[in-house]
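Residue numbers (the working numbering), protein chains in the order written: chain A, 18 to 284; chain B, 757 to 869.
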Amino acid sequence: MCDTCGCGSTNKIIIQKPGQLQQNHEHEHDHTHALGHSHEHPHDHHHSHTDHSNKLNIETNILNQNDLLAERNRGFFLGRNIYAVNLVSSPGSGKTSLLEKTLKDLKNEIEFNIIEGDQQTFNDANRIDALGIPVVQINTGTGCHLDSDMVHKAMQQLDPPANSILMIENVGNLVCPSLFDLGENERIVIISVTEGDDKPIKYPDMFHGSQVCIINKIDLLPYVNFSVEKAKDYARKVNPDLIFFEVSATKGDGLNDWYEYLRSKMT
Amino acid sequence: MHELSIVLGIVDIAQSEFERSGATSIDSIELEIGEMSGVEPFAIEFAWPEATRNTVLENTEKIIEYIRGKAECLECKEQFELENLYDECPACKSYFKNIIKGKELRVKALTVS
């Protein structure tokens, strides 16, 4: 997808039904210049390499800037003994509901601070704020993920105290946030039983980079075609070290194990 | 569309190296992108013209080397090509593995003049 015009892209997109022969989807695609300006490109795009050319071997990680700032965040968390988690999932898995329920049940024994990431609106931050928990909302606009700089800036506003838990609710998206280290101690991926149980192998990057997997909405299992064991098997193929919790944020099933896990991080 | 962020990151790196070099143009840029990096080649191609417009990379030739995934089994030490993160070891069928290649996202070199 393109941030500029929202179109699908050019080469190498495959559109096919299962069992069909692969068809490549191609189309002509010209962007007009932003702000209505246009200019000719008189330059030669295939430069000849003259005697003056000079090769600089820079060997720099493209995400270097993000990773450096993430390490800085991590150092801040370590210094204040903050357990920071990056909550990731597709939209609608119940991230915010699980967060709300957790905060309601544990706020008297553990100090929490929350960073909410969404493309638009303050709805989630308002839900957390209603519980009296310090929260900062990040609206990414068209951006599809949080990065370490956004978290760094949010933290300057939050100023989370020592010996607390910081929950960072990422933008609902199982793809893009997987590349961006925020400096968290652990990444927790949430899936719900109303999704497909093969999600871990459809979006393997996210499961590969997570330490914990919460399976939410288990109270709906009798009504949906979702096998918890199958989902776990798929997830373990991607990441054999994953720790699982099976919960229902609305009915309360399985939450005690999850709470014990959080308590164990505070000792 | 995190590839847009990726290309913008590439522009930043090129810009600061370019300023340090005192050169007048960047003729080419060499990138290494691992097939297990979570970055889609088509999306990079798509984001490139927009993200590099009016930057030091606008007229730069881009040379991308895609690096195939490779893993080492943690159980039996077999090294094998990885096509998916969930591939098992072909020798002992274990899923415990170290990814040794294919996660790269690197600006390898710039040719300036």
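Here a beta-carbon is modelled for each residue, glycine too, at the ideal position from N, C-alpha and C. Just so we're clear, the structure is a prediction, and the values are computed from it rather than from any experiment.
For residue i, the nearest candidate out of the options (CA to CA)
i               : options                        : result
A847 of chain B : B:V763, B:K833, B:S793         : B:K833
E759 of chain B : B:R776, B:T808, B:F774, B:V868 : B:T808
I870 of chain B : B:A779, B:I785, B:I769         : In the structure as shown, chain B starts at 757 and stops at 869, and residue 870 of chain B therefore has no counterpart that could be examined.
K282 of chain A : A:S181, A:D250, A:C193         : A:S181
G200 of chain A : A:S110, A:I218, A:E263, A:D84  : A:D84
V229 of chain A : A:D214, A:I208, A:D215, A:E246 : A:I208
K254 of chain A : A:K219, A:S265, A:K268, A:E263 : A:K219
E831 of chain B : A:Y278, A:K121, A:P257         : A:P257
A266 of chain A : A:L259, A:P151, A:I232, A:A101 : A:I232
V210 of chain A : A:F243, A:K216, A:M184         : A:F243
N78 of chain A  : B:E788, B:F774, B:K857         : B:E788
Where residue i falls: helix, strand or coil (DSSP)
i               : result
Y822 of chain B : strand
V767 of chain B : helix
D250 of chain A : helix
H50 of chain A  : Confidence in H50 of chain A is poor, its pLDDT being 45 and thus under 50, which makes the residue's placement unreliable; the coordinate value appears in the next sentence. H50 of chain A: coil per DSSP, three-state reduction.
F9 of chain A   : With chain A covering 18 to 284 only, the question about residue 9 of chain A has no answer from this structure.
F243 of chain A : coil
R776 of chain B : helix
D176 of chain A : coil
R809 of chain B : coil
S168 of chain A : The displayed chain sequence assigns Val, not Ser, to residue 168 of chain A. Helix.
M759 of chain B : Note on identity: in this sequence residue 759 of chain B is Glu, with Met being the wrong assignment. Helix at E759 of chain B.
V255 of chain A : helix
K801 of chain B : The question names Lys, but residue 801 of chain B in the sequence shown is Glu. Here E801 of chain B sits in helix by DSSP.
E817 of chain B : strand
F224 of chain A : helix
D146 of chain A : helix
Chain B within 9 angstroms of residue i, Cβ atoms only
i               : result
G53 of chain A  : Caution applies to G53 of chain A, whose pLDDT of 42 falls short of 50 and renders its modelled position unreliable; the model cannot decide the point.
T21 of chain A  : With a pLDDT of 32 at T21 of chain A, under the threshold of 50, the modelled position of this residue cannot be trusted; read the value that follows with caution. Answer yes: the Cβ-Cβ gap between T21 of chain A and chain B drops below 9 angstroms somewhere.
F261 of chain A : no
L38 of chain A  : With a pLDDT of 47 at L38 of chain A, under the threshold of 50, the modelled position of this residue cannot be trusted; read the value that follows with caution. No, no contact with chain B.
S195 of chain A : yes
I131 of chain A : no
N83 of chain A  : yes
Y251 of chain A : yes
Residue(s) in a DSSP beta bridge with residue i
i               : result
M184 of chain A : A:V102, A:I131
Q154 of chain A : A:E133
C829 of chain B : B:K853
R862 of chain B : A:N78, B:E788
F836 of chain B : B:A827
I260 of chain A : A:V229
T867 of chain B : A:K72, B:S784
V307 of chain A : Only positions 18 to 284 of chain A appear in this structure, which leaves residue 307 of chain A out of reach.
Classification of residue i by the beta-carbon crowding that lies within 10 angstroms, buried from 16 upward
i               : result
G92 of chain A  : exposed
N187 of chain A : buried
P194 of chain A : buried
S11 of chain A  : Summary: the structure shown does not reach residue 11 of chain A, with chain A confined to residues 18 through 284, and so no result is reported for it.
H62 of chain A  : Per-residue confidence for H62 of chain A stands at a pLDDT of 47, beneath the threshold of 50, marking its modelled position as unreliable; the derived number appears in the next sentence. Its Cβ having fewer than 16 others within 10 Å, H62 of chain A is exposed.
N90 of chain A  : buried
E837 of chain B : exposed
K124 of chain A : exposed
G158 of chain A : exposed
D274 of chain A : exposed
C-beta neighbour in chain A for residue i, strict 9 angstroms
i               : result
Y851 of chain B : yes
A827 of chain B : no
E837 of chain B : no
R862 of chain B : yes
T867 of chain B : yes
I762 of chain B : yes
Y822 of chain B : no
I766 of chain B : yes
V812 of chain B : no
A847 of chain B : no
G794 of chain B : yes
N840 of chain B : yes
E844 of chain B : yes
E834 of chain B : no
E775 of chain B : no
Within chain E, the residues that residue i reaches when beta carbons sit closer than 7 angstroms
i              : result
T77 of chain A : Among the protein chains in the structure shown, which are A and B, there is no chain E.
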